[in-house]
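Participant: After the structure tokens below, expect a handful of questions from me.
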Amino acid sequence: MSLLHISVLLPLIFALIIPIVYRFYKRIHLGWFVLPIPVVLFIYFLSYISTTMSGNNIMQKANWMPHFGMNFNLYVDGLGLLFSLLITSIGSLIILYSISYLSRQEQLGNFYCYLLLFMGAMLGVVLSDNLIILYLFWELTSFSSFLLISFWRDKQASIYGAQKSMLVTVFGGLSLLGGIILLSIAGGTTSIQELIHNVSEIQTSPFFILSMILVLIGAITKSAQFPFYIWLPDAMEAPTPVSAYLHSATMVKAGLYLVARVTPIFAVSQGWIWSVTLIGLITLLWASFNATKQQDLKGILAFSTVSQLGMIMSMLGIGAVSYHFEGSESQLYVAAFTAAVFHLINHATFKGALFMVTGAIDHSTGTRDVNKLGGLLTIMPISFTITIITSLSMAGIPPFNGFLSKESFLESMIEITNANLFSLNTLGILIPIIAIIGSIFTFVYSVRFIGQIFLGSHKADELPKKAHEVSILMLISPAILAILVIVFGFFPSILTGTIIDPAVNAISQTTGKPAEFHMFHGFTLAFFSTIVIYVVGILLILTFGYWIRLLHLQPTKLTLNYWYDKFGEVTPDYSGKFTDAYVTGFTRNNLIIIFVSLIVITLVTLLVTPFNIDFKDVSAVRPFELIIVVLIITAASMIIFAKSRLFSIIMASAVGYSVAIFFIFFGAPDLALTQFVVESISTALFLLCFYHLPNLNRHKETRSFKLVNIVIAVCAGIVVTVLGLIAYGNRHFGSIAEFYKSNVYDLAHGTNMVNVILVDFRGTDTLFESAVLGIAGLGVYTMIKLRTNNNKNDEGGKNVEQTEK
Numbered sequence: 001m002s003l004l005h006i007s008v009l010l011p012l013i014f015a016l017i018i019p020i021v022y023r024f025y026k027r028i029h030l031g032w033f034v035l036p037i038p039v040v041l042f043i044y045f046l047s048y049i050s051t052t053m054s055g056n057n058i059m060q061k062a063n064w065m066p067h068f069g070m071n072f073n074l075y076v077d078g079l080g081l082l083f084s085l086l087i088t089s090i091g092s093l094i095i096l097y098s099i100s101y102l103s104r105q106e107q108l109g110n111f112y113c114y115l116l117l118f119m120g121a122m123l124g125v126v127l128s129d130n131l132i133i134l135y136l137f138w139e140l141t142s143f144s145s146f147l148l149i150s151f152w153r154d155k156q157a158s159i160y161g162a163q164k165s166m167l168v169t170v171f172g173g174l175s176l177l178g179g180i181i182l183l184s185i186a187g188g189t190t191s192i193q194e195l196i197h198n199v200s201e202i203q204t205s206p207f208f209i210l211s212m213i214l215v216l217i218g219a220i221t222k223s224a225q226f227p228f229y230i231w232l233p234d235a236m237e238a239p240t241p242v243s244a245y246l247h248s249a250t251m252v253k254a255g256l257y258l259v260a261r262v263t264p265i266f267a268v269s270q271g272w273i274w275s276v277t278l279i280g281l282i283t284l285l286w287a288s289f290n291a292t293k294q295q296d297l298k299g300i301l302a303f304s305t306v307s308q309l310g311m312i313m314s315m316l317g318i319g320a321v322s323y324h325f326e327g328s329e330s331q332l333y334v335a336a337f338t339a340a341v342f343h344l345i346n347h348a349t350f351k352g353a354l355f356m357v358t359g360a361i362d363h364s365t366g367t368r369d370v371n372k373l374g375g376l377l378t379i380m381p382i383s384f385t386i387t388i389i390t391s392l393s394m395a396g397i398p399p400f401n402g403f404l405s406k407e408s409f410l411e412s413m414i415e416i417t418n419a420n421l422f423s424l425n426t427l428g429i430l431i432p433i434i435a436i437i438g439s440i441f442t443f444v445y446s447v448r449f450i451g452q453i454f455l456g457s458h459k460a461d462e463l464p465k466k467a468h469e470v471s472i473l474m475l476i477s478p479a480i481l482a483i484l485v486i487v488f489g490f491f492p493s494i495l496t497g498t499i500i501d502p503a504v505n506a507i508s509q510t511t512g513k514p515a516e517f518h519m520f521h522g523f524t525l526a527f528f529s530t531i532v533i534y535v536v537g538i539l540l541i542l543t544f545g546y547w548i549r550l551l552h553l554q555p556t557k558l559t560l561n562y563w564y565d566k567f568g569e570v571t572p573d574y575s576g577k578f579t580d581a582y583v584t585g586f587t588r589n590n591l592i593i594i595f596v597s598l599i600v601i602t603l604v605t606l607l608v609t610p611f612n613i614d615f616k617d618v619s620a621v622r623p624f625e626l627i628i629v630v631l632i633i634t635a636a637s638m639i640i641f642a643k644s645r646l647f648s649i650i651m652a653s654a655v656g657y658s659v660a661i662f663f664i665f666f667g668a669p670d671l672a673l674t675q676f677v678v679e680s681i682s683t684a685l686f687l688l689c690f691y692h693l694p695n696l697n698r699h700k701e702t703r704s705f706k707l708v709n710i711v712i713a714v715c716a717g718i719v720v721t722v723l724g725l726i727a728y729g730n731r732h733f734g735s736i737a738e739f740y741k742s743n744v745y746d747l748a749h750g751t752n753m754v755n756v757i758l759v760d761f762r763g764t765d766t767l768f769e770s771a772v773l774g775i776a777g778l779g780v781y782t783m784i785k786l787r788t789n790n791n792k793n794d795e796g797g798k799n800v801e802q803t804e805k
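Mind the numbering: the sequence shown is residues 1 to 805 in full-length UniProt numbering, read in order.
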């Protein structure tokens, strides 16, 4: 296993260690122990920049399950390195910020465990070359984000937001899994790089379109694109460090990463180009509308995040057009990839800082309600400085980095109308129009974000806490990001040759000319579009109170959240009724359902598929075997007529001991010994349990009741017998016993065949059986603890009542 593999697994390993450290050492904030992990990883990934700059990519392989195509192969190119640096750098700043944001009274062991789990999962997603491994890490991001969003589990809104995000993203994950399976069938491999090399085979496969749709659904659900964006605003109930890390810089960009990574496979399809572009633009427009009418600071940032993600998504769609051209004409559209990568970095800087400043304001004033805020300019001057830099960058105002990528975005949207391809030169006129309208509202909510917090009159009486500037430690992380906003604005060349160009080359599969960004490109259509955005945006801000009422007129039934909640109300109702119909708490009913299903399915299978029953190789039945069979039948029959529990238990154990005698006669003394031990322990446990159970009255055993039992029991016995005879008479392969006999000593170095089979040859099966027993044991332990706590609470209530009396 290479150092690269260790770098991915390191956060996952420490996710298990950190809670133990927290349990035994609480003198220092746990964040200080966690902070070195992402810092070290960031420095490590920086060492790959020179490699990717020179056009070299690194593949580190580790065989895991090669027969299933599941190898832990990691691939570092410009695109994977870009995301790895974002994950570790922003992660370092978030952990530093959380040290001052989260008090030591919080469950810090759980928080940092979940955060490291998420960090490792994201690194696995962006560095995995194997699609199946990528999917495992993909689902781990959903699971860990669920834990982080619901961290404050005493708040109903947190639980609601976590469940919503889990349902939507897991739905997308299942869709992605289907796309991965179809892609691997079409391309004959699960390696992403090999799929890209075999792209001609995939594009001629009948699974091409369906796999493209399924993969796209997985990507847009994770990146909160329309119409699946509804989970992101509710996820804002998470602690601010979680919102800043997951929902601005990392998790929501996993879908963008996936789109960029599979673009070389699907870019040939006009369906891919139009779908990715329009989904991104619709998301940009819709979310920017909704961001302007939010009253919660985090709500504004949530919808602005969705809007910015849509903007990046649309650029990835436009960039895919480059695959249909060559030379300089292709480079015109590769520029959209360049703008997308640059804005992805810029968004992480200004949005991460804005989330952290919002957390600082909430920490200082006790509220995020814009109706209660205002006039904080002189009270929180450092926070104001950071906010105005990052908000103006989000608005696309020079000289900040957001202006450069926004200009490139507009240029790409306008340039696409010249492409004589897929009706882009006709219907494509809608693309820049939607982009400009969305950018206007982006300007509106970005500028208003500053004014709603810091300008106007200070409403001290409406604030839950006296406003004050937060500690320097809480301001360090957003201040660093604000400085980067300025630096990347004035010196974008820091990023172009080192990070942006290698990432763009990985997406476009070409080595084009180096990216260039300038504050002024001349009097172009993009320049005049920017002027329109500023002028109209200022007019909308000045007339905000008039037109915002129109947005609030939207009927509730026309919102996606309404239908999500409606579906959530109806589905449990119907599913509950359906479940109550067969889960009655009566064991006999459960057994009837199980055995009747077995009988019906077996009967239908026998009618559809004929089987032969061959008795020619059946060994002779010896007299003592008949005696044991008679004993088993007699003991089983006595259970039916037993009047006491003790006698029933004894007869049941007699059946088990009789079967153990069969093993002795069949030459398997070790199995017989195991059976004897199991029966002895089971009998003792049964006696112990039944001693403590209440002596409930038996149900009324009518004739029909007994007749149903007899019919089902006889039919089930016949079915099992027939299945055994069919299995014996229809052997299409040689017995695996010969393999075990030949290899039990050479391969496993054991002499007891049964033990070797259980531990070595069928070790995974045994592992999962042990896991099931462990889970069952935890369930029993939990029930006992709950019962104990309830008893204590009841006793406490009685004591209080007696005291009051």
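Quick reminder that beta carbons are idealized off the backbone N, C-alpha and C, glycines included.
Note that this is a predicted model, so its numbers are computed, not measured.
1. Find the nearest neighbour of Arg588 within the set Ile712, Lys466, Ile318 and Val629, judged by alpha-carbon distance.
2. So which of Ser493, Gly271, Val306 and Ser322 has the shortest CA-CA distance to His347?
3. Quick one: what does DSSP say Tyr75 is sitting in, helix, strand or coil?
4. Just to check my reading of the structure: Ser446 and Met394 have Cβ atoms closer than 8 angstroms, yes? What is that Cβ distance to the nearest angstrom?
5. Might you give, ordered along the chain, the residues of its own chain that have their beta carbon closer than 7 angstroms to the beta carbon of Gly497, omitting 5 neighbours on each side?
6. Considering only C-alpha positions, which residue in the set Phe342, Val780 and Tyr160 is nearest to Asp234?
7. In the DSSP output, what is Asp296 paired with across the bridge?
8. Phe226 to Pro381, Cα distance in whole Å?
9. Which whole-angstrom value describes the C-beta separation of Met212 and Gly280, a residue pair presumed to lie in contact below a C-beta threshold of 8 angstroms?
10. For residue 824, which residues does DSSP report across the bridge?
11. Residue range of the beta strand (DSSP E) that Ile58 falls in?
12. Name the DSSP bridge partner or partners of Met65?
13. Quick one: what does DSSP say Leu16 is sitting in, helix, strand or coil?
14. Is the segment 109-122 close to the segment 215-224, with three or more CB pairs under 8 angstroms?
15. Roughly how many angstroms lie between the CA atoms of residue 809 and Gly124, to the nearest whole one?
16. Between which residues of its own chain and Ser158 is the CB-CB distance below 8 angstroms, once the five residues before and five after are set aside?
17. Starting from the C-beta of Ala526, find all residues in its chain whose C-beta is less than 7 angstroms away, skip the five residues before and the five after it, and write them out in chain order.
18. Phe72 and Val126 - do their beta-carbons sit closer together than 8 angstroms?
19. So, with DSSP's three-state summary, where would you put Val800?
20. Checking 8 angstroms against the spacing of the C-beta atoms, do residue 821 and Lys465 come in under that value?
21. For Leu92 and Asp501, what's the separation of their Cα atoms in angstroms?
22. Taking only beta-carbon positions, decide if Ser383 is within less than 8 angstroms of chain C.
23. For the alpha helix (DSSP H) containing Arg261, name the first residue and the last one.
24. Report buried or exposed for Val738, applying the criterion of at least 16 other Cβ atoms within 10 angstroms of its Cβ.
25. Looking only at its chain, what residues have a beta carbon closer than 8 angstroms to the beta carbon of Met753, apart from the 5 residues adjacent to it on each side?
26. Whose C-alpha, out of Leu256, Leu284, Gly299 and Asn425, is nearest the C-alpha of Val341?
27. For the segment 190-235, list the alpha helix (DSSP H) runs that are entirely contained and at least 4 residues long, ordered along the chain.
28. DSSP three-state label for Trp152, please.
29. By the 10 Å Cβ neighbour count, where 16 or more other Cβ atoms means buried, how is Val8 classified, buried or exposed?
30. When you compare only the Cα positions, how much space is there between Leu373 and Ile379?
31. Count the other CB atoms within 10 Å of the CB of Ile345; is the residue buried (16 or more) or exposed (fewer)?
32. Could you pull out every residue in the same chain whose Cβ sits closer than 6 angstroms to the Cβ of Val76, ignoring the five residues on either side in sequence?
33. I believe Phe491 touches Ile273 by the beta-carbon criterion, under 8 angstroms. Please report the beta-carbon distance rounded to the nearest angstrom.
34. Cutting at 6 angstroms between CB atoms, please list the residues of its own chain near residue 809, excluding the five before and the five after it.
35. Based on Cα-Cα distance, which residue from Tyr582, Phe303, Val357 and Gly317 lies nearest to Val268?
36. What is the C-beta distance between Ile87 and Met119, in whole angstroms, given that I count them as a contact (C-beta under 8 angstroms)?
Facilitator: According to the structure shown:
1. Distance from the Cα of Arg588 is smallest, within the candidate group Ile712, Lys466, Ile318 and Val629, for Ile712.
2. Out of Ser493, Gly271, Val306 and Ser322, Val306 has the C-alpha closest to the C-alpha of His347.
3. The answer is strand: DSSP assigns Tyr75 an E or B state.
4. 5 angstroms between Cβ atoms; contact.
5. Met53 and Pro514, listed in sequence order.
6. Nearest in C-alpha terms to Asp234, of all of Phe342, Val780 and Tyr160, is Tyr160.
7. Asp296 pairs with Asp369.
8. If I take the Cα positions, the gap works out to 37 angstroms.
9. Not a contact, Cβ separation roughly 16 angstroms.
10. This structure does not reach residue 824, given that the chain is present from 1 up to 805, and the question cannot be answered.
11. Looking at the DSSP string, the run of the beta strand (DSSP E) that includes Ile58 is Ile58 to Gln60.
12. Beta-bridge partners of Met65 (DSSP): Met70.
13. DSSP places Leu16 in the helix class (H, G or I) of the three-state scheme.
14. Touching, no, given that fewer than three Cβ pairs across the two stretches are closer than 8 angstroms.
15. Residue 809 is absent from the structure shown; the chain starts at 1 and stops at 805.
16. For Ser158, where only same-chain residues beyond five positions count, the Cβ hits under 8 angstroms are Ile149, Ser150, Phe151, Trp152, Glu237 and Ala238.
17. Within the same chain, and ignoring the five residues on either side of Ala526 in sequence, the residues whose Cβ sits closer than 7 angstroms to its Cβ are Glu407, Leu410, Glu411 and Ile414.
18. Not in contact: Val126 and Phe72 (Cβ atoms no closer than 8 angstroms).
19. Residue confidence for Val800 is low, a pLDDT of 42 falling below 50, so the modelled location carries little weight; the figure read from the coordinates is stated next. Helix.
20. The structure shown does not extend to residue 821, since the chain is modelled only from 1 through 805, so no value can be given for it.
21. According to the sequence provided, residue 92 is Ser. The question's Leu does not apply to it. Rounded to whole angstroms, Ser92 to Asp501 spans 25 angstroms at the Cα level.
22. Protein chains in the displayed structure number just one, and chain C is not present.
23. That run of the alpha helix (DSSP H) goes Ala254 to Phe266.
24. The displayed chain sequence assigns Glu, not Val, to residue 738. It is exposed - the Cβ of Glu738 has fewer than 16 other Cβ atoms within 10 Å.
25. The answer, listed in chain order, is Tyr740, Lys741 and Val744.
26. Minimum Cα distance to Val341 is reached at Leu256.
27. The qualifying runs are 192-197, 199-203, 208-222 and 231-234.
28. Of the three classes helix, strand and coil, the one that applies to Trp152 here is coil, per DSSP.
29. It counts as buried.
30. Distance between the alpha carbons of Leu373 and Ile379: 12 angstroms.
31. Looking at its Cβ environment, which holds 16 or more other Cβ atoms inside 10 Å, Ile345 is buried.
32. Correct list, in chain order: Tyr48 and Ile58.
33. Between Ile273 and Phe491 the Cβ distance is about 33 angstroms, and since that is not below 8 angstroms, they are no contact.
34. A question about residue 809 goes unanswered here, because the residues of the chain that appear run from 1 up to 805.
35. Ranked by how close their Cα comes to the Cα of Val268, the residues Tyr582, Phe303, Val357 and Gly317 have Gly317 in first place.
36. Confirmed, about 6 angstroms.
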